[in-house]
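Beneath this line is the structure, given in C-alpha cells, with notes to follow.
There are 2 protein chains.
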Amino acid sequence: MNLEQAARQLESLGNPTRLQIYRTLVRAGHAGLPVGGLQERIGIAASTLSHHLKRLVDTGLVTQERHATTLICRAHYPAMDALIGYLADECCADAGCVASEAAAS
Amino acid sequence: MNLEQAARQLESLGNPTRLQIYRTLVRAGHAGLPVGGLQERIGIAASTLSHHLKRLVDTGLVTQERHATTLICRAHYPAMDALIGYLADECCADAGCVASEAAAS
DNA sequence: GCTCTGTTTCGACAATTGTCGAAATATCAG
DNA sequence: CTGATATTTCGACAATTGTCGAAACAGAGC
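In the order they appear, the protein sequences are chains A and B.
Going by the working numbering, the letters in the first sequence line up with residues 1 to 105, in that order.
Going by the working numbering, the letters in the second sequence line up with residues 1 to 105, in that order.
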C-alpha cells in the first residue's frame, strides 16, 4: 500500500453516496447484492450508481461477479483491511490508539 | 459517527496532499509540527497548505495549538480511531477482517 | 509605533466531480 | 432472430476542488 493508492481508496469512500453503497454491500455480507438491488435500496439513477460502483471496483474495495445478466457486487474485505492497516501504521507511538491497544492486549 | 461525517473525514484524507500532511503529522507524534515545518517537508505553497490544513482541522482529524506566532499541528488520534471503528463496524460477519480477528484473540 | 516572521484570506484558474436522462450494450429465454 | 431485462456508456450540466501568487493579518521584539 502506498500513499497514492490509499488516497484513491479513501477518496472513493469519501463521498456520501459511495460510502452508502459500500456500507450497504458490507451489510449484505458474503451473498452480495446485484446492481439493481443496490439501486432499489439507495434510490439513485442507474447510471449514477454504475458510475460510483466503477470507482469502488477500480480501487479494489468492491468486487463484481456476473451471474447471467445480473452483476453481483460484494465488499472486498482484504482491501479494507489493508487500508485500515495503512492508516493505523505509525499511529501508535502515542497512547489512545485502538489498534495499538488491541495489539498490546 | 454518522455517514455524512465519516464521508467528510474520508474525503479529507482522500487527497494525496492531505494524506501526506496527515501522515507527516502522525510521524511527528505528540510534539506535532508547526505549519512552516510541514511546508518545508512537503514543499507546497503556504496558501495551499493552509487550505488543506483547514479541511483536516474542520473534520476533526487534526488539532492546532497556538504558540506565539507559530501554529503547532497534531494528528488527533481519537478521531482516526472513531473513523476506523466506523469502517470496521458491521464488516465482521465474514472471516478475514483484521479487526474481528484482533477482537477475537 | 514599526518591522519581521508565520499564517491566512483573496481572487483566479483549469480540472475534476456528481448527477441525470437517453441511448447503447449484453445476456438469456423463447 | 426477437424480445425482455440488467447494466453501462454517452453527452451534458452545474458545482466543487486543488493549486498558485499576492495581499492581508497576527503576534513578538526592538
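Every residue, glycine too, gets a C-beta built ideally from N, C-alpha and C.
In DSSP terms, what A:Ala82 is bridged to: DSSP, once it has assigned bridges, lists no residue as partnering A:Ala82.
Per DSSP, what kind of secondary structure is A:His51 in: helix, strand or coil? helix
Quick one: list the residues of chain A neighbouring B:Gly14, beta-carbon separation under 8 Å, in chain order. Ala7, Arg8, Gln9, Leu10, Glu11, Ser12, Leu13, Gly14
Specify the secondary structure class of A:Ala163 as computed by DSSP and reduced to three states. Past the boundaries of the shown model lies residue 163 of chain A; chain A is included only from 1 to 105, so the question cannot be answered.
Looking only at DSSP bridge pairs, what is B:Glu65 linked to? B:Ile72
Rounded to whole angstroms, how far is the Cβ of B:Thr59 from the Cβ of B:Arg74, which I believe are closer than 8 Å? Not quite, the Cβ-Cβ distance comes to about 14 Å (not below 8 Å), so this is no contact.
Can you pull the chain B neighbours of A:Gln20, defined as C-beta to C-beta under 9 Å? Leu3, Ala7
Check whether the Cβ atoms of B:Thr24 and B:Arg41 lie closer than 9 Å to each other. yes
Strictly below 7 Å CB to CB, what residues from chain A border B:Leu87? Met80, Ile84
Can at least three beta-carbon pairs, one atom from the segment 9-18 of chain A and one from the segment 5-21 of chain B, be found at a separation below 8 Å? yes
Please report whether the beta-carbon of B:Arg41 lies at a distance below 9 Å from any beta-carbon of chain A. no
By how many angstroms is the C-alpha of B:Val57 removed from the C-alpha of B:Gln39? 16 Å
Hey, could you find the ends of the alpha helix (DSSP H) B:Ala31 is sitting in? Neither: B:Ala31 is in no alpha helix (DSSP H) and is coded neither H nor E.
Output yes if chain A places a C-beta closer than 9 Å to the C-beta of B:Arg55; else output no. no
Take A:Tyr22 and list the residues in its own chain whose beta-carbon comes closer than 8 Å to its own, dropping the five residues that flank it on each side. Leu13, Leu56, Leu61, Val62, Ala75
Roughly how many angstroms separate the alpha carbons of B:Ala79 and B:Tyr86, rounded to a whole number? 11 Å
Taking the alpha-carbon of A:Leu71 as reference, which of A:Asn2, A:Ala28, A:Leu33 has the nearest alpha-carbon? A:Leu33
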